[in-house]
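Take the sequence shown: its position 99, counting from 1, is numbered 99 in UniProt numbering, and each next residue is one higher.
The beta carbon of each residue, even a glycine, is placed where N, CA and C say it ideally should be.
The structure appears right after this line, and notes come after that.
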Amino acid sequence: MQLQGKNWKIEKFSERDVPELVSLFEKDASIPQGLEFSRKDVRDLEDYFDKVLDAIADGQRFYFIVRSKICGALMGGISFIQEDDSRIWERSFWMTDTFRGKGYASQATSLATAWMFEHGFASEIREMTRHANTPSIRLKEKQGFQMDGLRPGGEALFRIDILHPSNFIPQHM
């Protein structure tokens with residue numbers, strides 16, 4: 001898998017990444033809340049990443065690390081979770097504060113999403129975003145995602161499907 005931009009690359013998440021991620025998540029308060037784990041202590045994070053690795057091994061999840069090609073720093077992560085043995089996946093992503101607002105999330109999520117479609121894993125990709133998260137909503141709209149409704153908690157549900165591939169607009173590097 002060779003997904004990369006000028007200054008960054010996407011790698012498949014592996015067990016060797018866990019210590020670095022645990023350390024980063026403990027130190028960086030800018031990583032979005034709402035990720036599916038508690039950040040109360042390191043053990044919770046280790047348990048979370050163990051579950052991620054199990055889901056990857058079961059084929060129910062893809063988790064990618066976005067890393068700087070210049071300094072090797074971990075920039076962010078992109079996750080796809082399969083819904084009910086279908087080809088429908090839910091996408092989520094995060095970027096560290098240092099790398100936000102520079103287009104890296106847009107480029108990396110675009111390439112990873114295209115990879116999911118091109119390799120036949122996905123027929124549809126969904127993503128939920130808090131309605132107030134304007135930058136995330138703009139990113140999805142630029143990529144061709146359509147808002148599909150609002151959830152009771154105020155989260156907007158976006159989706160894009162392979163039946164309308166012209167909807168997906170990859171961000172070229």
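- Collapsing the DSSP output to three states places residue 16 in a helix.
- Cβ-Cβ separation between residue 99 and residue 75: approximately 4 Å, consistent with a contact (criterion under 8 Å).
- Taking all protein chains in view, the Cβ of residue 148 is surrounded by fewer than 16 other Cβ atoms within 10 Å, so the residue is classified as exposed.
- The way I'd put it, the stretch 3 to 19 does touch the stretch 58 to 76; three or more beta-carbon pairs between them come closer than 8 Å.
- Residues 80, 125 and 127 of the same chain have their beta carbon placed closer than 6 Å to that of residue 91, with the five preceding and five following residues left out of the count.
- Annotated three-state conformation of residue 46 is helix, per DSSP.
- Residue state for residue 31 is assigned as coil, using DSSP reduced to three classes.
- The beta carbons of residue 108 and residue 78 sit about 6 Å from each other, so the pair counts as a contact at 8 Å.
- Annotation note: the UniProt domain "N-acetyltransferase" (19 to 163) contains the following uninterrupted alpha helix (DSSP H) runs of length 4 or greater, listed N- to C-terminal: 42 to 57, 104 to 118 and 134 to 142.
- One alpha carbon belongs to residue 15, the other to residue 55, and they sit about 13 Å apart.
- At a Cβ-Cβ threshold of 8 Å, residue 95 and residue 104 count as neighbours.
- Per DSSP, reduced to three states, the secondary structure at residue 6 is coil, with no helix or strand assignment.
- Taking all protein chains in view, the Cβ of residue 112 is crowded by 16 or more other Cβ atoms within 10 Å, so the residue is classified as buried.
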